[in-house]
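Inspection log for the structure reproduced underneath, given as structure tokens.
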Amino acid sequence: MDTTRVEWDASAVVQRPDAYYRLPCPAAVDASRGNSGLVFSVDTPAQLECVVRALGEAGASGGDAASQLAGQFLQRQGVFLVAFEEHGRVDSASTSAAWQNMGRPELALLNSMLPLRVLVGAGSDSLSRQWIEHPAYAAALGGSRDAIAWPEYAALRPEPPISEAASAGQRFVAELPLRTCRACANLATLRVAFLFDAQGGYMGWELWPPGPPPPASGAR
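Numbering (our numbering), first residue to last: 61 to 280.
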């Protein structure tokens, strides 16, 4: 992966990411994969090139420079940038692609590029599992050991700086519903703060007390 730093901004946002799914792409023909020439993902160079070229032809949302930035984001992350909010050194964003988690938008901390699925995984050894086992969360969940955090239904917001000093870093609070399955009722809300220094470097997390279950919105 190319690690050259890029400052992402709203010009890289793609308004209709679904338009690039099943995009005609003759170069993607691959009988061994059952591909007759359409874009189903960007896991092959041919499909990725077709989408990047189509982004350029569409002009993304703001001309050639924007389409280039949108294509560069796709090349690096494998998904589209679909929303962006500026907050300082580290920003919040949403990413999405039809080939990842059925196109459900995913929140990320941008210009530090930390997707919530990386910070809050569902594995038995993940941080979220450790957090859920905290006594306060165990009590809120009524002893259920089957609940997991669902990053695709999370909310993310900036909080006041870590300190009042001019060199203060940033803090973002993620709130994630805790459920035993995608279509199950919300049992509680996992609340955790992620901390960044003044240069945008990730400093770690703070576990906050559990919140009440968020309103039910149905599985998506």
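Backbone N, C-alpha and C define an ideal beta-carbon position, used for all residues, glycine too.
Which residues in the same chain as residue i place their Cβ atom closer than 7 Å to its Cβ, once the five residues preceding and following it in sequence are excluded?
i, result
"F151", "For clarity, residue 151 is Asp in the given sequence; the question names Phe instead. Hits under 7 Å: F144, E145, L170 and N171."
"C110", "L83, C85, A87, A88 and V99"
"V112", "G131, L134 and Q135"
Enumerate in chain order the residues of its own chain whose CB-to-CB distance from residue i is below 8 Å, with the five nearest sequence positions on each side excluded.
i, result
"S96", "V89"
Going by Cα to Cα distance, which pick from the options is closest to residue i?
i, options, result
"W265", "G131, A234, R242 and R149", "A234"
"Y81", "T249, A245, L108 and S188", "L108"
"E251", "Y262, Q259, A214 and A228", "Reading off the sequence, residue 251 comes out as Arg, not Glu. The shortest Cα separation from R251 among Y262, Q259, A214 and A228 belongs to A214."
"A248", "L267, A91 and P273", "P273"
"V102", "V73, F140, A258 and L216", "F140"
"G260", "N246, F232, R239 and R242", "F232"
"A216", "S204, D206, P237 and A199", "Per the sequence presented here, residue 216 reads as Leu, with Ala not at that position. Nearest C-alpha to L216: P237."
"G163", "E193, A198, A258 and R76", "R76"
"S204", "R189, D69 and E212", "R189"
"E166", "R242, R239 and P211", "P211"
Can you name, in chain order, every residue of its own chain whose Cβ lies under 6 Å from the Cβ of residue i, other than the five neighbours on each side?
i, result
"L115", "S127, A130 and G131"
"G148", "Q230"
"A72", "L129, A130, F133 and L141"
Compute the beta-carbon to beta-carbon distance between residue i and residue j, rounded to the nearest angstrom, for a pair I have assumed lies under 8 Å.
i, j, result
"A153", "A168", "5 Å"
"P270", "A196", "6 Å"
"L267", "H194", "6 Å"
Alpha helix (DSSP H) segments (min. 4 residues) lying fully within the stretch 197-263
Listed in chain order, nothing qualifies, since the stretch 197-263 has no complete alpha helix (DSSP H) run of 4 or more residues.
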